[in-house]
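Okay, so here's the structure we're looking at.
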Amino acid sequence: MELRQVSMKLHQKMGRVFSTVSSMLLAIFTAAPPGQLPAQSTTPIVDHSQGLDQGYFDMYNVNFPAAHKVFQQWLAQHPDDGLAAASDAAAYLFGEFDRLHIIDVQLFADQSRFDNRSRLTPDAAVRKSFDDRTNQAEKLADAALQRNPKDARAFYTKTLVYGMRSDYALMIDKKDLAALSLTKQASAFAKQALAIDPHMYDAYLASGVENYMLSLKPAAVRWILGITGASTDKEQGIKLLTLTANQGHYLAPFARMMLAVAAIRDGNPQQARSILTTLMKQYPGNTLYERQLARIH
(Lines of atoms letter the chains of each structure in order from A and count residues from 1; the text may use other names and numbers.)
(Lines give C-alpha, C1' and ligand atoms only; values in the text may rest on other atoms or scores of the structure.)
Protein backbone atom coordinates (compact mmCIF):
# COMPACT_ATOMS: atom_id res chain seq x y z
CA MET A 1 0.00 0.00 0.00
CA GLU A 2 2.86 2.38 0.85
CA LEU A 3 4.48 1.79 -2.53
CA ARG A 4 1.16 2.46 -4.24
CA GLN A 5 0.74 5.74 -2.36
CA VAL A 6 4.26 6.84 -3.26
CA SER A 7 3.59 5.97 -6.90
CA MET A 8 0.35 7.97 -6.86
CA LYS A 9 2.06 11.01 -5.34
CA LEU A 10 4.79 10.85 -7.96
CA HIS A 11 2.17 10.55 -10.70
CA GLN A 12 0.42 13.64 -9.36
CA LYS A 13 3.67 15.62 -9.31
CA MET A 14 4.49 14.53 -12.83
CA GLY A 15 0.97 15.46 -13.89
CA ARG A 16 1.34 18.97 -12.52
CA VAL A 17 4.71 19.50 -14.19
CA PHE A 18 3.82 18.13 -17.63
CA SER A 19 0.42 19.79 -17.58
CA THR A 20 1.75 23.16 -16.47
CA VAL A 21 4.04 23.18 -19.46
CA SER A 22 1.40 22.09 -21.91
CA SER A 23 -1.27 24.49 -20.72
CA MET A 24 1.05 27.45 -20.52
CA LEU A 25 2.01 27.01 -24.13
CA LEU A 26 -1.56 26.88 -25.33
CA ALA A 27 -3.06 29.44 -23.01
CA ILE A 28 -0.47 32.02 -24.00
CA PHE A 29 -1.29 31.71 -27.68
CA THR A 30 -1.26 35.43 -28.38
CA ALA A 31 2.45 35.91 -28.96
CA ALA A 32 3.00 36.45 -32.69
CA PRO A 33 4.10 39.86 -34.02
CA PRO A 34 1.19 41.95 -35.36
CA GLY A 35 2.88 43.40 -38.39
CA GLN A 36 3.57 40.04 -39.97
CA LEU A 37 2.29 36.51 -40.11
CA PRO A 38 4.20 33.75 -38.30
CA ALA A 39 7.76 33.20 -39.51
CA GLN A 40 8.09 31.07 -42.63
CA SER A 41 9.46 27.55 -42.43
CA THR A 42 10.37 24.95 -45.02
CA THR A 43 8.33 22.17 -43.44
CA PRO A 44 5.47 20.39 -45.20
CA ILE A 45 2.94 21.86 -42.73
CA VAL A 46 3.66 25.32 -44.10
CA ASP A 47 3.98 24.36 -47.74
CA HIS A 48 0.55 22.75 -47.64
CA SER A 49 -1.34 25.20 -45.45
CA GLN A 50 -0.07 28.75 -45.90
CA GLY A 51 -3.72 29.69 -46.25
CA LEU A 52 -4.10 29.10 -42.52
CA ASP A 53 -1.68 31.88 -41.62
CA GLN A 54 -4.27 34.66 -41.61
CA GLY A 55 -6.42 32.61 -39.27
CA TYR A 56 -3.54 32.24 -36.85
CA PHE A 57 -2.87 35.96 -37.11
CA ASP A 58 -6.51 36.68 -36.25
CA MET A 59 -6.33 34.27 -33.34
CA TYR A 60 -3.17 35.94 -32.00
CA ASN A 61 -5.11 39.19 -32.29
CA VAL A 62 -7.87 37.65 -30.10
CA ASN A 63 -10.31 37.91 -33.02
CA PHE A 64 -11.72 34.41 -32.76
CA PRO A 65 -14.72 34.84 -35.12
CA ALA A 66 -12.37 35.97 -37.89
CA ALA A 67 -10.04 33.05 -37.16
CA HIS A 68 -12.92 30.56 -37.36
CA LYS A 69 -13.97 32.03 -40.69
CA VAL A 70 -10.50 31.57 -42.20
CA PHE A 71 -10.03 28.04 -40.85
CA GLN A 72 -13.50 26.88 -41.86
CA GLN A 73 -13.22 28.34 -45.36
CA TRP A 74 -9.86 26.63 -45.82
CA LEU A 75 -11.26 23.34 -44.55
CA ALA A 76 -14.21 23.59 -46.94
CA GLN A 77 -11.74 24.01 -49.81
CA HIS A 78 -9.37 21.31 -48.47
CA PRO A 79 -11.59 18.72 -46.73
CA ASP A 80 -8.66 16.35 -46.18
CA ASP A 81 -6.61 18.90 -44.21
CA GLY A 82 -6.46 17.73 -40.62
CA LEU A 83 -4.35 20.70 -39.61
CA ALA A 84 -7.17 23.05 -40.63
CA ALA A 85 -9.59 21.18 -38.37
CA ALA A 86 -7.05 21.23 -35.53
CA SER A 87 -6.53 24.96 -36.04
CA ASP A 88 -10.26 25.60 -35.83
CA ALA A 89 -10.33 23.55 -32.62
CA ALA A 90 -7.57 25.80 -31.30
CA ALA A 91 -9.71 28.86 -31.92
CA TYR A 92 -12.49 27.30 -29.82
CA LEU A 93 -10.05 26.40 -27.05
CA PHE A 94 -8.31 29.77 -26.90
CA GLY A 95 -11.62 31.60 -27.14
CA GLU A 96 -12.80 29.67 -24.09
CA PHE A 97 -9.53 30.43 -22.29
CA ASP A 98 -10.08 34.10 -23.04
CA ARG A 99 -13.69 34.00 -21.80
CA LEU A 100 -12.63 32.29 -18.57
CA HIS A 101 -9.66 34.65 -18.07
CA ILE A 102 -7.19 31.78 -17.92
CA ILE A 103 -4.34 33.57 -19.68
CA ASP A 104 -1.84 34.61 -17.01
CA VAL A 105 1.94 34.34 -17.35
CA GLN A 106 2.45 34.71 -13.60
CA LEU A 107 0.13 31.74 -12.95
CA PHE A 108 2.42 29.44 -14.89
CA ALA A 109 5.56 30.93 -13.39
CA ASP A 110 4.30 30.34 -9.82
CA GLN A 111 3.82 26.63 -9.10
CA SER A 112 1.89 27.20 -5.86
CA ARG A 113 -0.65 29.44 -7.59
CA PHE A 114 -1.03 26.89 -10.35
CA ASP A 115 -1.55 24.00 -7.95
CA ASN A 116 -4.30 25.94 -6.13
CA ARG A 117 -6.17 27.06 -9.25
CA SER A 118 -9.95 26.58 -9.30
CA ARG A 119 -11.98 24.28 -11.50
CA LEU A 120 -13.87 26.29 -14.13
CA THR A 121 -17.32 25.99 -15.71
CA PRO A 122 -17.08 25.44 -19.49
CA ASP A 123 -19.51 26.50 -22.18
CA ALA A 124 -21.23 23.29 -23.29
CA ALA A 125 -21.65 24.41 -26.90
CA VAL A 126 -18.00 25.41 -27.19
CA ARG A 127 -16.96 22.11 -25.63
CA LYS A 128 -18.94 20.19 -28.24
CA SER A 129 -17.47 22.24 -31.09
CA PHE A 130 -13.98 21.71 -29.71
CA ASP A 131 -14.50 17.95 -29.36
CA ASP A 132 -16.00 17.69 -32.84
CA ARG A 133 -13.07 19.51 -34.43
CA THR A 134 -10.36 17.60 -32.56
CA ASN A 135 -12.05 14.30 -33.45
CA GLN A 136 -12.27 15.38 -37.08
CA ALA A 137 -8.62 16.44 -37.12
CA GLU A 138 -7.49 13.12 -35.65
CA LYS A 139 -9.54 11.10 -38.15
CA LEU A 140 -8.11 13.09 -41.06
CA ALA A 141 -4.58 12.67 -39.72
CA ASP A 142 -5.09 8.92 -39.28
CA ALA A 143 -6.41 8.67 -42.84
CA ALA A 144 -3.35 10.54 -44.09
CA LEU A 145 -1.08 8.13 -42.20
CA GLN A 146 -2.84 5.15 -43.77
CA ARG A 147 -2.04 6.61 -47.17
CA ASN A 148 1.50 7.48 -46.14
CA PRO A 149 2.88 6.12 -42.83
CA LYS A 150 5.68 8.69 -43.01
CA ASP A 151 3.47 11.77 -43.22
CA ALA A 152 5.21 14.09 -40.74
CA ARG A 153 2.48 16.69 -41.10
CA ALA A 154 -0.14 14.17 -39.97
CA PHE A 155 1.92 13.31 -36.89
CA TYR A 156 2.26 17.03 -36.21
CA THR A 157 -1.51 17.42 -36.44
CA LYS A 158 -1.99 14.62 -33.89
CA THR A 159 0.56 16.36 -31.66
CA LEU A 160 -1.61 19.48 -31.65
CA VAL A 161 -4.81 17.50 -31.08
CA TYR A 162 -3.51 15.67 -28.02
CA GLY A 163 -1.80 18.78 -26.70
CA MET A 164 -5.06 20.73 -26.84
CA ARG A 165 -7.02 17.91 -25.23
CA SER A 166 -4.46 17.94 -22.45
CA ASP A 167 -4.89 21.69 -22.02
CA TYR A 168 -8.66 21.40 -21.78
CA ALA A 169 -8.40 18.56 -19.26
CA LEU A 170 -5.94 20.51 -17.17
CA MET A 171 -7.09 24.12 -17.26
CA ILE A 172 -10.86 23.72 -17.48
CA ASP A 173 -11.65 20.24 -16.12
CA LYS A 174 -8.70 20.32 -13.67
CA LYS A 175 -7.87 16.67 -14.35
CA ASP A 176 -4.10 16.63 -13.92
CA LEU A 177 -3.50 12.92 -14.44
CA ALA A 178 -5.66 12.78 -17.55
CA ALA A 179 -3.76 15.79 -18.85
CA LEU A 180 -0.46 14.02 -18.17
CA SER A 181 -1.50 10.98 -20.19
CA LEU A 182 -2.60 13.16 -23.12
CA THR A 183 0.59 15.21 -22.96
CA LYS A 184 2.71 12.06 -23.13
CA GLN A 185 0.83 11.00 -26.26
CA ALA A 186 1.36 14.43 -27.80
CA SER A 187 5.09 14.20 -27.09
CA ALA A 188 5.27 10.74 -28.69
CA PHE A 189 3.61 12.04 -31.87
CA ALA A 190 6.03 14.99 -31.94
CA LYS A 191 8.99 12.61 -31.81
CA GLN A 192 7.53 10.59 -34.68
CA ALA A 193 7.13 13.74 -36.74
CA LEU A 194 10.74 14.77 -36.08
CA ALA A 195 12.07 11.32 -36.91
CA ILE A 196 10.62 11.82 -40.38
CA ASP A 197 11.36 15.53 -40.78
CA PRO A 198 13.99 17.01 -38.41
CA HIS A 199 13.33 20.43 -39.95
CA MET A 200 9.80 20.56 -38.54
CA TYR A 201 10.94 23.08 -35.96
CA ASP A 202 7.56 23.48 -34.28
CA ALA A 203 7.73 19.87 -33.12
CA TYR A 204 10.89 20.51 -31.05
CA LEU A 205 8.79 22.52 -28.64
CA ALA A 206 7.45 19.48 -26.77
CA SER A 207 10.91 18.18 -25.86
CA GLY A 208 12.09 21.69 -25.09
CA VAL A 209 9.46 22.37 -22.47
CA GLU A 210 9.71 18.84 -21.06
CA ASN A 211 13.46 19.19 -20.52
CA TYR A 212 13.28 22.68 -19.06
CA MET A 213 10.34 22.22 -16.71
CA LEU A 214 11.39 18.83 -15.38
CA SER A 215 14.91 20.14 -14.78
CA LEU A 216 13.40 22.36 -12.06
CA LYS A 217 12.43 19.37 -9.90
CA PRO A 218 14.64 18.14 -7.01
CA ALA A 219 17.44 15.71 -7.90
CA ALA A 220 15.64 12.70 -6.43
CA VAL A 221 12.51 13.43 -8.42
CA ARG A 222 14.56 13.98 -11.60
CA TRP A 223 16.19 10.59 -11.09
CA ILE A 224 12.80 8.87 -10.81
CA LEU A 225 11.47 10.81 -13.79
CA GLY A 226 14.51 9.70 -15.76
CA ILE A 227 13.63 6.08 -15.07
CA THR A 228 10.19 6.69 -16.56
CA GLY A 229 11.82 8.00 -19.73
CA ALA A 230 11.35 11.72 -19.09
CA SER A 231 14.00 14.21 -20.19
CA THR A 232 15.30 16.64 -17.55
CA ASP A 233 18.19 18.54 -19.17
CA LYS A 234 17.68 22.28 -18.59
CA GLU A 235 20.34 23.41 -21.06
CA GLN A 236 18.91 21.15 -23.76
CA GLY A 237 15.43 22.45 -22.99
CA ILE A 238 16.45 26.07 -23.49
CA LYS A 239 18.29 25.12 -26.68
CA LEU A 240 15.21 23.45 -28.17
CA LEU A 241 12.93 26.28 -27.10
CA THR A 242 15.24 28.77 -28.76
CA LEU A 243 15.29 26.65 -31.92
CA THR A 244 11.50 26.74 -32.13
CA ALA A 245 11.38 30.43 -31.20
CA ASN A 246 13.79 31.33 -34.00
CA GLN A 247 12.81 28.89 -36.76
CA GLY A 248 9.35 27.58 -35.92
CA HIS A 249 6.17 28.56 -37.72
CA TYR A 250 2.86 28.24 -35.88
CA LEU A 251 4.44 27.44 -32.50
CA ALA A 252 7.28 29.96 -32.55
CA PRO A 253 5.14 32.33 -30.45
CA PHE A 254 4.69 29.60 -27.82
CA ALA A 255 8.44 29.14 -27.58
CA ARG A 256 9.01 32.86 -27.12
CA MET A 257 6.50 33.01 -24.32
CA MET A 258 8.02 29.89 -22.76
CA LEU A 259 11.38 31.64 -22.73
CA ALA A 260 9.72 34.59 -20.97
CA VAL A 261 8.26 32.27 -18.34
CA ALA A 262 11.66 30.59 -17.98
CA ALA A 263 13.20 34.01 -17.39
CA ILE A 264 10.69 34.73 -14.61
CA ARG A 265 11.30 31.35 -12.99
CA ASP A 266 15.07 31.82 -13.24
CA GLY A 267 14.92 35.22 -11.54
CA ASN A 268 15.61 37.26 -14.67
CA PRO A 269 12.69 39.71 -14.85
CA GLN A 270 14.63 42.00 -17.16
CA GLN A 271 14.73 39.36 -19.89
CA ALA A 272 11.05 38.58 -19.40
CA ARG A 273 10.27 42.30 -19.59
CA SER A 274 12.25 42.59 -22.81
CA ILE A 275 10.31 39.77 -24.48
CA LEU A 276 6.93 41.08 -23.34
CA THR A 277 7.77 44.68 -24.22
CA THR A 278 8.74 43.67 -27.75
CA LEU A 279 5.54 41.69 -28.15
CA MET A 280 3.46 44.54 -26.76
CA LYS A 281 4.97 46.98 -29.26
CA GLN A 282 4.56 44.53 -32.12
CA TYR A 283 1.03 43.59 -31.12
CA PRO A 284 -0.66 46.72 -29.67
CA GLY A 285 -4.12 45.27 -30.22
CA ASN A 286 -3.49 42.64 -27.55
CA THR A 287 -3.55 43.97 -24.00
CA LEU A 288 -2.11 40.79 -22.47
CA TYR A 289 1.50 41.97 -22.61
CA GLU A 290 0.86 45.32 -20.94
CA ARG A 291 -1.05 43.64 -18.12
CA GLN A 292 1.66 41.07 -17.55
CA LEU A 293 4.45 43.65 -17.70
CA ALA A 294 2.81 45.60 -14.89
CA ARG A 295 2.99 42.51 -12.69
CA ILE A 296 6.68 41.70 -13.17
CA HIS A 297 8.84 43.05 -10.35
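Numbering (full-length UniProt numbering), first residue to last: 1 to 297. Even glycine gets a Cβ: it sits at the ideal position worked out from N, Cα and C. Fair warning: this is a prediction, and the values are worked out from it, not measured in the lab.
Scanning its chain for C-beta atoms nearer than 8 Å, with the 5 sequence neighbours on each side dropped, one finds around K150 the residues I196, in chain order. The three-state secondary structure of Y283, taken from DSSP, is coil. Burial check for D81: the Cβ neighbour count within 10 Å reaches 16 or more, so the residue is buried. It is roughly 19 Å from the alpha-carbon of G95 to the alpha-carbon of Q73. By the Cβ rule, the stretch 150 to 161 counts as touching the stretch 76 to 90, because three or more pairs are nearer than 8 Å.
With a beta-carbon spacing of about 4 Å, Q247 and Y201 fall inside the 8 Å limit used to define contacts. Annotation for Y92: the continuous alpha helix (DSSP H) segment containing it runs G82 to R99. Taking a contact as a CB-CB distance under 8 Å, the pair A137 and A86 counts as one, their CB atoms being some 4 Å apart.
Every unbroken stretch of the alpha helix (DSSP H) spanning 4 or more residues and falling wholly within the stretch 140 to 179 is given here in chain order: 152 to 167. When secondary structure is reduced to three states using DSSP, M257 falls in the helix class.
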